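The letter at position 96 of the sequence shown is residue 96 when you use the working numbering, and the numbering goes up by one with no holes. Cβ coordinates follow ideal geometry from the N, Cα and C atoms, glycine included. Owing to the predicted nature of the structure, the values given are computational and were not obtained by experimental measurement. Since the structure comes first, as structure tokens, the remarks are kept for the end.
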Amino acid sequence: MPSPIAVIDFETTGMTPAHGARATEVGIVLVQQGRVVDRFASLMYTGVPIPRFIAEMTGITNAMLREAPPAAQVMREAARFVGDAPMVAHNAAFDSKFWQAELALLGLAASQPYACTVLLSRRIYPDAPSHKLGRLTDHLGLPRPGRAHRALADAEMAAALLAAMQQRLQDSYGLPWPDHAQLMQLQRCTPKTLARMLQPTLAVQSE
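In structure tokens, the structure reads:
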């Protein structure tokens with residue numbers, strides 16, 4: 001059985017911690033061979049206000065955050081929940097920065113490798129009309145577990161997308177269930193080189 005993977009999503013006050021943005025909500029699902037085995041989610045209070053347009057998009061208000069646990073408490077719990085599991089996010093460049101920044105404020109390292117379902121989907125579904133999470137979810141007929149732009153619902157959608165892509169790789173190339181290290185390798189190739197990259201695996205299996 002492959003090791004668990006942690007699929008994460010943050011809602012935030014802005015685009016990057018480098019410009020002072022902070023996390024407002026985190027959602028994490030642990031998946032193992034395409035199946036969700038555990039979940040973690042929480043709002044978190046940092047004292048940084050949410051701009052109106054983000055509040056309208058997410059439904060998370062400043063009043064809700066004033067009642068939420070402090071970010072330090074939530075992130076320590078999130079770090080314990082993830083443990084040493086490798087991580088996945090839809091647009092990992094965004095979520096990994098907040099994971100690293102929020103943990104750095106606590107003096108905690110964030111060394112897990114990240115695979116990105118945006119990069120993978122561009123290679124596995126190059127003809128999809130969009131690689132945004134919601135539109136790709138609808139295109140593939142995957143479930144929407146809740147309101148978009150809420151952390152746990154988006155993490156659940158990303159986990160379902162990840163499982164669909166792993167299944168596609170298994171069905172198309174006869175692979176064992178692709179693990180995180182293989183996903184990291186595949187997301188670096190181009191759609192045209194995907195089959196060529198997997199050819200050695202196919203040759204070994206045919207012997």
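{"Item": "Sub-9 Å separation of G134 and M157 beta-carbons", "Value": "yes"}
{"Item": "Span separating the alpha-carbon of P214 from that of A163", "Value": "Summary: the structure shown does not reach residue 214, with the chain confined to residues 1 through 207, and so no result is reported for it."}
{"Item": "Residue range of the beta strand (DSSP E) that includes D9", "Value": "I5 to T12"}
{"Item": "Alpha carbon of L30 to alpha carbon of G47, nearest angstrom", "Value": "29 Å"}
{"Item": "Cβ pair count under 8 Å reaching 3, the stretch 83-100 against the stretch 2-11", "Value": "yes"}
{"Item": "Contact belief for M57 with H149 at Cβ below 8 Å, rounded distance in angstroms", "Value": "5 Å"}
{"Item": "For Q33, the three-state DSSP class (helix, strand or coil)", "Value": "coil"}
{"Item": "Check whether I28 and V82 have beta carbons under 9 Å apart", "Value": "yes"}
{"Item": "Residue interval of the alpha helix (DSSP H) (run including M57)", "Value": "R52 to T58"}
{"Item": "8 Å contact criterion, which T137 and L161 should meet: CB distance rounded", "Value": "6 Å"}
{"Item": "Reduced DSSP secondary structure (H/G/I, E/B, other) of L183", "Value": "helix"}
{"Item": "Residues of its chain near R144, where Cβ-Cβ distance is below 7 Å and the 5 sequence neighbours each way are ignored", "Value": "T137 and M157"}
{"Item": "For V82, the residue or residues it bridges with in DSSP", "Value": "Paired residues: none, contrary to the question."}
{"Item": "Contact check, T24 vs T16, beta carbons under 9 Å", "Value": "no"}
{"Item": "For E102: DSSP bridge partner residues", "Value": "E102 pairs with nothing; no bridge assigned."}
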